[in-house]
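The structure under discussion appears below in the form of structure tokens.
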Amino acid sequence: MTPPSAPYAIGIDTDATTLREADHLLQALAAELDLPQGVFGCTHLVRDGRPRVALSLAAEAAAAEPVLRTARDRLTAQGYEVRDGAPDEVGRAVLYPGAGALTGTLTLAELLARSAIDRVTVLGTPDEPAPDARLVTRDHVRPQWQHGRLVLAAMPAAGGTLVPFEDPDPTPCCADH
Numbered sequence: 001m002t003p004p005s006a007p008y009a010i011g012i013d014t015d016a017t018t019l020r021e022a023d024h025l026l027q028a029l030a031a032e033l034d035l036p037q038g039v040f041g042c043t044h045l046v047r048d049g050r051p052r053v054a055l056s057l058a059a060e061a062a063a064a065e066p067v068l069r070t071a072r073d074r075l076t077a078q079g080y081e082v083r084d085g086a087p088d089e090v091g092r093a094v095l096y097p098g099a100g101a102l103t104g105t106l107t108l109a110e111l112l113a114r115s116a117i118d119r120v121t122v123l124g125t126p127d128e129p130a131p132d133a134r135l136v137t138r139d140h141v142r143p144q145w146q147h148g149r150l151v152l153a154a155m156p157a158a159g160g161t162l163v164p165f166e167d168p169d170p171t172p173c174c175a176d177h
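The numbering of the sequence shown is UniProt numbering, which starts it at 1 and goes up by one.
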């Protein structure tokens with residue numbers, strides 16, 4: 001797989017303050033830059049004096065270097081601060097090979113075969129889930145890099161299915177106050 005620290009990676013500082021905002025920005029930039037399928041796009045939480053969500057674009061293939069160099073030039077021209085390398089090693093993948101094919105309900109075997117995801121873990125269980133376990137994707141599958149592997153955290157759901165841990169429509173904190 002291609003972790004955020006791939007041989008060809010750039011980090012993009014943004015003013016995004018939520019994951020949803022960063023996801024939309026990353027997807028818009030990828031479309032605008034016409035990035036090839038093998039490029040990974042991740043979000044990274046930045047916890048300094050100005051909390052925000054940074055982005056990274058990474059690829060392992062040498063052919064990606066000119067694409068990322070062009071992306072760097074265009075993003076810099078748009079006023080983004082762009083640097084070599086990802087902000088950290090644990091990016092949350094939004095763009096990755098096969099991400100678009102992860103819709104509806106899939107078995108874990110299908111999920112792993114269709115995408116760059118290496119592994120699925122289920123919260124609260126030490127064992128690997130069965131390959132025939134069904135995952136209701138909610139059309140929102142955001143794995144994270146862990147030790148150089150793209151890992152999707154899932155949790156049990158109704159009817160013996162699993163769902164990705166990250167909710168596509170989270171309720172804001174204190175929404176009812």
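For glycine and all other residues, C-beta sits at the position ideal for the given N, C-alpha and C.
The model shown is predicted, which means the values in this text are computed figures rather than measured ones.
Residue i by DSSP, collapsed to three states: which one?
i      : result
Gly160 : helix
Val90  : coil
Gly100 : helix
Val67  : helix
Asp13  : strand
Asp84  : strand
Ala133 : coil
Arg52  : strand
Ala154 : strand
Ala59  : strand
In the DSSP assignment, find the alpha helix (DSSP H) that holds residue i and state where it starts and stops.
i      : result
Asp23  : Leu19 to Leu33
Ala113 : Leu108 to Arg114
Classify residue i as buried or exposed, calling it buried when 16 or more other Cβ atoms lie within 10 Å of its own Cβ.
i      : result
Ala109 : exposed
Leu123 : exposed
Gly49  : exposed
Ala64  : buried
Gly41  : buried
Asp127 : exposed
Arg92  : buried
Could you tell me whether the Cβ atoms of residue i and residue j are closer together than 9 angstroms?
i     : j      : result
Leu35 : Leu95  : yes
Leu55 : Thr70  : no
Leu29 : Ile12  : yes
Val39 : Ala16  : no
Pro97 : Arg138 : no
Where does the unbroken beta strand (DSSP E) through residue i begin, and where does it stop?
i      : result
Thr125 : Taken as a continuous stretch (DSSP letters only), Thr125 belongs to no beta strand (DSSP E), as it is neither H nor E.
Asp140 : In the sequence as presented, Asp is not what sits at residue 140; that position holds His. From DSSP, His140 is part of no beta strand (DSSP E); its letter is neither H nor E.
Does the distance between the C-beta of residue i and the nearest non-hydrogen atom of the ligand FMN fall short of 8 angstroms?
i      : result
Leu152 : In the structure shown, the ligand FMN is absent, as is every other ligand, since no ligand is present at all.
Enumerate in chain order the residues of its own chain whose CB-to-CB distance from residue i is below 6 angstroms, with the five nearest sequence positions on each side excluded.
i      : result
Thr161 : Arg134 and Val136
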